[in-house]
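According to mature numbering (1 follows the signal peptide of the UniProt record, and there is no 0), the stretch in the sequence shown is residues -23 to -1, 1 to 1195, in order. Down below is the structure, laid out as structure tokens.
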Amino acid sequence: MRNLSSLYLFCVYSLIQLVLVNSESDYYDCNEPLLDRASIKATSQLPDREAHNARLNGLNAWSAQNSDFGQYLIMDLGQPMNVTGIATQGRAHGTEYVLEYAISYGSNGLDYADYKDAGGNIKINCNQKLQRKEGRIVVDGALKSEVREPEGPVRALHLTSELVIVDNHDGYTGCIRALLLNGQPVDLKSYADRGLYGISPGCVGKCASNPCLNNGTCISPGCVGKCASNPCLNNGTCHERYDGYTCDCRWTAFKGPICADEIGVNLRPSSMIKYDFMGSWRSTIAENIRVGFTTTNPKGFLLGLFSNVSGEYMTIMISNSGHLRVVFDFGFERQELIFPNKHFGLGQYHDIRIRRKNSGATLLMQVDSYEPKEFHFNIKDSADAQFNNIQYMYIGRNESMTEGFIGCVSRVEFDDIYPLKLLFQEDGPANVRSIGSDSAWSPEDSTYAQSLFIKLGDKAEIRSIGTQGRYGTNEYVTEYMVQYSDEGLAWISVTNEDGDIQFYIGGVPNKQEGLIVSQNFTGCMENLYINSTNLFQHIKYAYDSEDYWLMQKYYKVNTISNCPEPPIVPVTFTTPGSYARLKGYEGMKQMNVTFSFRTYENNGLLVFHKFLSEGHVKLYLEEGKIKVEIVTSGNPKALLNNFDDSFNDGKWHTVILTLNTNLLILNVDGRAMKTTRLLTFTTGGIYMIAGGVTGTGFVGCMRMITVDGNYRLPTDWKDNEYCCKDQVVFDACQMIDRCNPNPCEHGGTCKQNSAEFTCDCTASGYSGAVCHTSLNPLSCEAYRNVNSVGTHSNIHIDVDGSGPLKPFPVTCEFYADGRSITILHHSNEETTQVDGFQEAGSFSQDIQYEADLRQIEALVNRSASCTQRLQYRCRQSRLFNSPSVENDFHPFAWWVSRNNHKMDYWGGSVFGTRKCECGILGTCIDPTKWCNCDAGLESYQEDGGELLDKTHLPVKQLRFGDTGTPLDDKEGSYTLGPLRCEGDDLFSNVVTFRISDASINLPPFDMGHSGDIYFEFKTTTENAVIVHAKGPSDFIKVSIINGHALHFLYQAGSGPLGVSVETSYKLNDDKWHSVSVERNRIGVNLRPSSMIKYDFMGSWRSTIAENIRVGFTTTNPKGFLLGLFSNVSGEYMTIMISNSGHLRVVFDFGFERQELIFPNKHFGLGQYHDIRIRRKNSGATLLMQVDSYEPKEFHFNIKDSADAQFNNIQYMELCATI
């Protein structure tokens, strides 16, 4: 901040503390309190609230007489100090606090300068005000009730003591399970295992089962190095470290921590990679070609093999239609093959494999994981099917093409040649090179001292020189000079044979022959380009660099390097009743208004001008869109709505409104909309800005308000030119961005106006005021607990509830014995053929699941057990190359665990054995082998079974080898099933409170501004405190009352707040019930699965002008929302959501049953809605308003003899099927 000796703040009801260091000292910890030795005064104060009370943590506070920006707190610091922070605090035990304050500073106590932000605006410090805060309880997933905290700044709920489960004063006995604090599970069993008084693990009456069947024994491997399991893939070299291992991938075609990432190259139209066989030409009849690529350009040359000797060739390319096209001529006949029904130019990664078999008469083409397609050729006996004398391999394009492939190419293979691997090797061979790469020469500094020397060898005549910028960047040469030399020592500059050409800008010295200049130009110029060069930019650079050679090129006289701009003074209209009244030219046939504005409001008047002739023009915002209304003499009112954009996004927007005879032009942010129509008018003398006429005024900021070309600083406006002094703020834009940082969780969209923000949770998978509560169950087990289920269901689960992990799809299987199985699918569940991969692990398949790794780990860790079936069917294809010893294990196939470890056992076996299931059971077809496939028999064999160790699951990658070539009989196929997990440890994490004074004390739990607690309970106790946590003054408490009600009570700074919810069923019925307590920044909700009932308790009332309001959000398009009933008169009124998702109001007040529908809107999409209903005209008219839509009126024909009064209202009910 600034060095200052006195500080001048204007604020209201404030306690202040400044933190500083003396600018002359070396003490920079910035923690010395300032006010301990400062003198404090104020412009006004209340009795017993004097200025000297403005200190933190005091019993009193300074309070100004009025709450406006004319109140100042003045602090004399005694000497120049460096102020690094200012803190404010509300008055203790009250609701008085500062909302906004600004800072001024000075050195003499008389003259003060405003402290401004980087944009030159007065820095307004805001303590954001929230109209309400909320928490919620969800009981068995239903009924919603709300309690609101008093208005005030956001208060954190600090609970520094231990969280007690349960309170030992109120005697809860029963079971608790599935406890989550802010989405994190608590291990209740560990507390029970400590032998706590009255606490037992599990829920009494449910027996623990032995997980090891048939006398199974857990096997623990010995102490081995990290490299023993060969964690490095693709022949990477593993190096042991004390803290793990590293993989050396330098001599592979891969990179990454375990050598699993393929090496690729980005190609542009001029790029080409050429592999020259350098005389080692080869001839083939069974090629094995592979290339991976991705592109969004549906055409291009991908790969080609050529022979200039035999004229034979083979090319792989993407056609203009986006199809894969293979063309070749091996001497017997030109062939063209198309891979149909797939577009290859959509940016997806594709893996192409091509090989020939049957003496070259059959070509197999496989794309990704699709079934290979076979193409057969009729080759005469006399024909030669061999591809002869292959000389060159090209990638991207060949030398005869001007443009080639655009995109990324990886893993190019031709038999045993890997050109990309060779290209990127250090000291790689000279026969593979890249042409047309993205590299360029770039000197360290952009000055004329940098030179590029080109040695031509022999003397040559240079006719021209061309330059080009680096591809894909904005780096390019702007100026250069040329010199030449014979010996490279004495350099001669190339000059213009006609001499230097002088170029004048803004004027000419009056000494040139033939030039007569009467006056040079005065004003501003910018962006003068000569041959695509910005000359002004070069002149400025020359003088800024003080480079003598550069400055000689340009000569300046009485010029500066900028155009002075008028000062920008923003003005804030803080209320709809504030406005400005500015003058324009009267009696004109044209008008122009220009200004910039920013706002968060949906509606508001921007400009209104009444013509001297009949009519007016109005520019305004409606639902965030800019519209123009114009009325002229003899013409009907016209409404112009040419922009579809919304402009209430809080950003600055520039508007130019121009009217002329028969012409209107509206320009917004540089986009002009021109309207030609009959327009005849004569301008008046007054322009109303932001309000001052009937309708909604503008709330927000404006700047650069210019009327008919005249701009006046808002600070120069006179008192009669604006209204009102306490509603208009000059030289500052006082708008609070309540959506930055975004208060909405889980990707919810924040929307705001000048008063508050709301969260749109649509499509986020979450609900609530800040999108905190998940709409999906924690697991299949949780889904089963609250829903009627069949044998299976396809759902999304959210394993951490309100935590950061997103929901993901699973299939739930439910069994009659109470078991629940969660199935997570992947993209490779069909049986997949493996052929033509001889080297160990040369076939690789990454497994992509329908959840990411963090989601899977959370699911697996919470499950009681997980399995995955892995099967391999083989013919003459070995699997583990068994038998083997521990330190000499070289399998042909393996799988990679979720921790990226190469695993040494197969399905049906256990870790560390290097065996398949038959090797464990001793049933292999060859007793000397440990896997059936290792026998290498010509008949088909199988090895497979369940993988049972969940710490290794799921399978992340599969690797196979020993499948020969496409021409032999060696082959295999694998099948990998989905991940299947049983149970949810969250619901088996159960403890029983056997006696009434038993309790568990958990570590301190701080809810702060938001947090949640979830648990399930079952009990026969009628009254008990289940959860209780407290701090110095804050606390939360969840209790069961009378066996059929839950009470949530909490305190966060103010007095205690609570809500009781009565259920229609017993909560102490010895059945499981779920409870979710949530507190966030907007409200408090309570939802059990029944209703809230309000009894007028004999104080029945009768009304003829009801005023009803209810807010709600739901994703269930049906349900009873609110009702009023009288058993005495039989009259009623209900508000509900119909099955079609519409709002439906039904009532009978005695004169006739009425049913009203609010049309054209669906209320079951999870959005928040505000419903207001009232009656007027002696009950004959009902007004229904939804959100910010226009109210709808419904009129009823009531006979004179009828009674329109709603008589003897006895009950009000809120029902929670919604």
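Glycine residues also receive a C-beta, built at the ideal position from the N, C-alpha and C atoms.
By how many angstroms is the C-alpha of residue 1147 removed from the C-alpha of residue 1132?
One alpha carbon belongs to residue 1132, the other to residue 1147, and they sit about 20 angstroms apart.
Examine the Cβ distances between the stretch 608 to 618 and the stretch 705 to 713 and report whether three or more of them are shorter than 8 angstroms.
The stretch 608 to 618 is not in contact with the stretch 705 to 713.
Just the Cα atoms here: how many angstroms apart are residue 653 and residue 1157?
Those two C-alpha atoms are separated by around 47 angstroms.
With 16 as the cutoff for other CB atoms within 10 Å, does residue 1177 come out buried or exposed?
Counting every other CB atom within 10 Å of its CB across the protein chains shown gives residue 1177 a total below 16, marking it as exposed.
With a cut-off of 8 angstroms, do at least 3 Cβ pairs link the stretch 780 to 791 to the stretch 889 to 902?
Contact between the stretch 780 to 791 and the stretch 889 to 902 is absent, because fewer than three Cβ pairs lie under 8 angstroms.
Residue 804 to residue 824, Cα distance in whole Å?
Straight across, the Cα-Cα distance linking residue 804 with residue 824 is about 7 angstroms.
For residue 870, name the three-state secondary structure that DSSP assigns.
Coil, per DSSP.
Runs of 3 residues minimum, wholly inside the stretch 505 to 591: which ones carry the beta strand (DSSP E) assignment?
Correct list: 548 to 550, 556 to 560, 568 to 575 and 581 to 587.
Can you look up residue 429 in the DSSP assignment and give me helix, strand or coil?
In this structure, residue 429 counts as coil in the three-state DSSP scheme.
Through-space distance from residue 1152 to residue 1082, alpha-carbon basis
If I take the Cα positions, the gap works out to 5 angstroms.
Just the Cα atoms here: how many angstroms apart are residue 1055 and residue 740?
A straight-line Cα-Cα distance of about 21 angstroms links residue 1055 and residue 740.
Distance, residue 1012 Cα to residue 133 Cα
Since pLDDT at residue 133 reaches only 47, below the 50 mark, its modelled position is unreliable, and the value read off the structure follows with that caveat. Approximately 11 angstroms between the Cα atoms of the pair.
Reduced DSSP category for residue 1100 - H, G, I as helix; E, B as strand; rest coil:
Here residue 1100 sits in strand by DSSP.
Alpha-carbon spacing of residue 286 relative to residue 343, whole angstroms:
About 30 angstroms.
Helix, strand or coil for residue 474, going by three-state DSSP, please let me know.
With a pLDDT of 49 at residue 474, under the threshold of 50, the predicted position of this residue should be treated as unreliable, and no value is reported.
Excluding the 5 residues flanking residue 543 on each side, which residues of the same chain have their C-beta closer than 6 angstroms to its C-beta?
Within the same chain, residue 543 has no close Cβ partners at all.
Less than 6 angstroms between C-beta atoms, sequence neighbours within five positions excluded: which residues of the same chain meet that for residue 565?
The beta carbon of residue 565 sits closer than 6 angstroms to those of 660, all from its chain and outside the five residues before and after it, given in chain order.
For chain B, check one thing: does any of its Cβ atoms lie closer than 8 angstroms to the Cβ of residue 287?
Of the protein chains in this structure there is only one, and it is not chain B.
Less than 8 angstroms separating the beta-carbons of residue 631 and residue 642?
In terms of Cβ geometry, residue 631 and residue 642 do not form a close pair [threshold 8 angstroms].
Based on the DSSP output, what are the partners of residue 992 in its beta bridges?
DSSP, once it has assigned bridges, lists 1052 as partnering residue 992.
Work out the CA separation of residue 156 and residue 797 for me, nearest whole Å.
Taking the straight line from one Cα to the other gives about 20 angstroms.
The beta strand (DSSP E) with residue 252 in it runs from where to where?
249 to 253 is the extent of the beta strand (DSSP E) around residue 252.
For residue 41 versus residue 21, is the C-beta distance shorter than 8 angstroms?
Yes. Within cutoff.
What's the C-alpha gap between residue 498 and residue 702?
Residue 498 and residue 702: Cα-Cα distance of roughly 44 angstroms.
For residue 1197, the three-state DSSP class (helix, strand or coil):
Coverage of the chain is limited to positions -23 through 1195, which leaves residue 1197 absent and any answer about it impossible.
In whole angstroms, what separates the C-alpha of residue 541 from that of residue 504?
Inter-residue distance for residue 541 and residue 504 is about 16 angstroms (C-alpha atoms, whole angstroms).
Buried or exposed for residue 885, going by 16 or more other Cβ atoms inside 10 Å?
Residue 885 comes out buried.
Grab me the residues of residue 1197's own chain with a C-beta within less than 6 angstroms of its C-beta, minus the 5 sequence neighbours each way, in chain order.
Any property of residue 1197 remains undetermined from this structure, which presents the chain solely from -23 to 1195.
State the start and end residues of the unbroken alpha helix (DSSP H) segment that holds residue 396.
Counting along the chain, the alpha helix (DSSP H) containing residue 396 begins and ends at 396 to 400.
Could you please give me the residues that DSSP links to residue 622 through a beta bridge?
In DSSP, residue 622 forms no bridge with anything.
Going by beta-carbon coordinates alone, are residue 1166 and residue 1072 separated by less than 8 angstroms?
The answer is no: Cβ separation not under 8 angstroms.
What residues match up with residue 151 in a beta bridge as DSSP calls it?
Note: residue 151 sits in a beta bridge opposite 970 and 996.
Rounded to the nearest angstrom, what separates residue 433 and residue 454 at their Cα positions?
Approximately 22 angstroms, taken between the alpha carbons.
Could you tell me the alpha carbon to alpha carbon distance between residue 279 and residue 728, rounded to whole angstroms?
Roughly 48 angstroms between the two C-alpha positions.
May I ask you to report which of helix, strand or coil DSSP gives residue 762?
For residue 762, the secondary structure class from DSSP, reduced to helix, strand or coil, is helix.
Quick check on the burial criterion: 16 or more other C-beta atoms within 10 angstroms. Buried or exposed for residue 969?
By the neighbour-count rule (16 or more Cβ atoms within 10 Å), residue 969 is buried.
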